[in-house]
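Structure record follows, encoded as structure tokens.
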Amino acid sequence: MTKQDYYEILGIDRNSSKSDIKKAYRKLALKYHPDKNPDKVAEEKFKEISEAYAVLYDDEKRRLYDQYGHSGIDQRFSSEDIFRGADFSDIFRGMGFDFSFGFDDIFERFFGHRTDFESRQSYMSRGADLRYDIEINLEDAYKGIETTIKVPRSEKCDVCNGSGAKPGTSPKKCPQCNGNGQMRLSRKTAFGMFTQITTCNKCRGQGTVIEQRCRECNGKGVIQQTRDIELKIPRGIDDGSQLRLAGEGEVGSRGSGDLYIVVHVKKHSRFNRRGQDLHIIKNVTFPQAAIGSKVQIDTLNGGSETLKISEGTQNGDIFKIRGKGMPGLHGRGQGDLYVEINVKTPKNISRRARKLLEELDDEIKS
-9 MTKQDYYEIL GIDRNSSKSD IKKAYRKLAL KYHPDKNPDK VAEEKFKEIS
41 EAYAVLYDDE KRRLYDQYGH SGIDQRFSSE DIFRGADFSD IFRGMGFDFS
91 FGFDDIFERF FGHRTDFESR QSYMSRGADL RYDIEINLED AYKGIETTIK
141 VPRSEKCDVC NGSGAKPGTS PKKCPQCNGN GQMRLSRKTA FGMFTQITTC
191 NKCRGQGTVI EQRCRECNGK GVIQQTRDIE LKIPRGIDDG SQLRLAGEGE
241 VGSRGSGDLY IVVHVKKHSR FNRRGQDLHI IKNVTFPQAA IGSKVQIDTL
291 NGGSETLKIS EGTQNGDIFK IRGKGMPGLH GRGQGDLYVE INVKTPKNIS
341 RRARKLLEEL DDEIKS
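Shown next, in the form of structure tokens:
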């Protein structure tokens, strides 16, 4: 199902300020919050407007959404990441809702997950993979470039060393499940003893609970940081290609995830790329096409090549210059440069030129 535009969901213009975004969300949240409106449809609407707010109020997420739409968000952020960093408590404060149980419980209740818990849980496993989109021009794709990119990602909290607990303390064994992470409920039935095993709802299966949270990471065990990463884009790379940087994704106790770079190559004003071949249009005069001539053809690497146009060349004829197209990845050959001839007809000519053309026309007809 096609997702509705975030701006339309909040009822705002695309150039709305952050103040306008917050104001629109606050108004809609008051209308659709399940504490105020028990209708199931209202709960879904509340999820929808909250996601729109979380994306549009965040400068980086909003930039990605404006440029790539929903795909730019969905391919880069998980459902948790979309809401990460969004401050809802300031919006709901004083609106008459019962938020004594903490804002993490709101997400557990309405969105099916608990932000702090999932952040800590994700650290206790392999880190998530990340995606980063970069746009380069065709010249960069031809020669290859080295650049530095800034990637926001979660890092292990140095203050608590990833435990989520206040320095000097440590997570304690969950008193409800005795550290097992599971609860066993046995009951006698007509068919005998029946035992049901469920995940402990106090520690969420971790077996430990944090009594005093680390102030730096608020008990998550990870903090959001922006990391500078050196990126080498090989020559010959094509639009839509992916580069994998192992271990540069989200941090986790069982190893970091990977970072996937998606390369977008901008269209060139003169050169058209088709695989490894390049295509260009060359304007020539009628006399050049009629009697043949040598013309200079610009190449993508900044140089030029001499092309011999044969006598009687027609408009639309194509000539090939070997080995002047795009290089193949990892040195695998070189494409060709195809030159399409465009015979230019002059719009304004002098009397002498007209007389000469008339004489030429008579000569050709005879």
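Be aware that the sequence shown starts at -9, since it is given in my numbering, and climbs by one per residue.
We treat Cβ as the ideally placed atom computed from N, Cα and C, and that holds for glycine.
All values reported here derive from a predicted model rather than from experimental measurement.
Since residue i sits in a beta bridge, which residues does DSSP pair it with?
i: I331; result: K272
i: Q172; result: T189
i: A155; result: R203
i: D359; result: Outside the shown range of the chain, which is -9 to 356, sits residue 359, and nothing can be said about it.
i: L20; result: In DSSP, L20 forms no bridge with anything.
i: P142; result: T216
i: L233; result: I251
i: Q39; result: Per the sequence presented here, residue 39 reads as Ile, with Gln not at that position. Answer is none; I39 lacks a bridge partner.
i: I11; result: Looking at the DSSP assignment, I11 forms no beta bridge with any residue, so it has no partner.
i: E349; result: Partner(s): none; E349 has no beta bridge.
i: I135; result: I223
Going by C-alpha distance, which of the options is nearest residue i?
i: G265; options: Y132, A19, N208; result: Y132
i: G292; options: G152, G315, K337; result: G315
i: L233; options: K334, L249, G242, E129; result: L249
i: Q214; options: R143, Y43, L18, G242; result: R143
i: N401; options: E41, I270, L46; result: With the chain covering only -9 through 356, there is no way to say anything about residue 401.
i: R116; options: T137, E238, G169, Q278; result: E238
i: I289; options: V149, T159, R260, G282; result: In the sequence as presented, Ile is not what sits at residue 289; that position holds Thr. Out of V149, T159, R260, G282, R260 has the C-alpha closest to the C-alpha of T289.
i: T185; options: C193, L175, K192; result: L175
i: G318; options: N273, D228, S356; result: D228
i: C164; options: K337, K192, G325; result: K192
i: R203; options: V149, R177, R225; result: V149
i: L221; options: L268, F309, Y122, V199; result: Y122
i: V212; options: E136, K146, S294; result: K146
i: K17; options: K30, P28, I2, D29; result: I2
i: I(-1); options: I308, L20, S231, K35; result: K35
i: Q166; options: T159, K140, G197; result: G197
i: E201; options: G195, H320, P161; result: P161
i: T216; options: T138, Y58, T159, D(-5); result: T138
i: A44; options: N168, F73, E240; result: F73
i: R52; options: K21, P336, I11; result: I11
i: Q58; options: Y(-4), A19, K26; result: Per the sequence presented here, residue 58 reads as Tyr, with Gln not at that position. Of the candidates Y(-4), A19, K26, the one whose C-alpha sits nearest the C-alpha of Y58 is Y(-4).
i: G302; options: R322, G321, Q278, I308; result: Q278
i: I187; options: R177, G195, Q172, V199; result: Q172
i: G134; options: A32, L347, R225, I311; result: R225
i: L268; options: V31, G169, D352, G325; result: G325
Which class does residue i belong to by DSSP, given the choice of helix, strand or coil?
i: D95; result: Confidence at D95 is low in this model, with a pLDDT of 44, below 50, so the placement of that residue is unreliable and no value is reported for it.
i: S278; result: A small correction: the amino acid at residue 278 is Gln; Ser does not occupy that position in the sequence shown. Of the three classes helix, strand and coil, the one that applies to Q278 here is helix, per DSSP.
i: D218; result: strand
i: E238; result: coil
i: R104; result: Interpretation of R104 is limited by its pLDDT of 42, a score under 50 that renders its predicted location unreliable; no figure is taken from the coordinates.
i: I339; result: coil
i: R177; result: strand
i: I2; result: coil
i: V45; result: helix
i: I72; result: helix
i: S356; result: coil
i: K162; result: strand
i: R194; result: coil
i: R53; result: helix
i: I213; result: strand
i: I227; result: coil
i: D88; result: At D88, the pLDDT of 41 sits below 50, so the modelled position is not reliable; the number obtained from the coordinates is stated separately. D88: coil per DSSP, three-state reduction.
i: G59; result: coil
i: D64; result: helix
i: D402; result: Absent from the structure is residue 402, since the part of the chain shown begins at -9 and ends at 356.
i: R344; result: helix
i: D130; result: helix
i: K(-7); result: coil
Compute the minimum distance between the beta carbon of residue i and the heavy atoms of the ligand NAP, and state whether it is under 6 angstroms.
i: N291; result: Looking at this structure, you won't find the ligand NAP or any other ligand, since it has none at all.
Q.
At 4 residues or longer, what runs of the alpha helix (DSSP H) sit wholly inside the stretch 240 to 326?
A. 276 to 281
Q.
Taking contact to mean 3 or more Cβ pairs, one atom from each stretch, closer than 8 angstroms, check whether the stretch 140 to 158 and the stretch 189 to 208 are in contact.
A. Contact holds between the stretch 140 to 158 and the stretch 189 to 208, because three or more Cβ pairs, one in each stretch, are under 8 angstroms apart.
Q: Decide yes or no for the touch test of the stretch 269 to 283 against the stretch 298 to 316: beta carbon pairs closer than 8 angstroms, at least 3 of them.
A: yes
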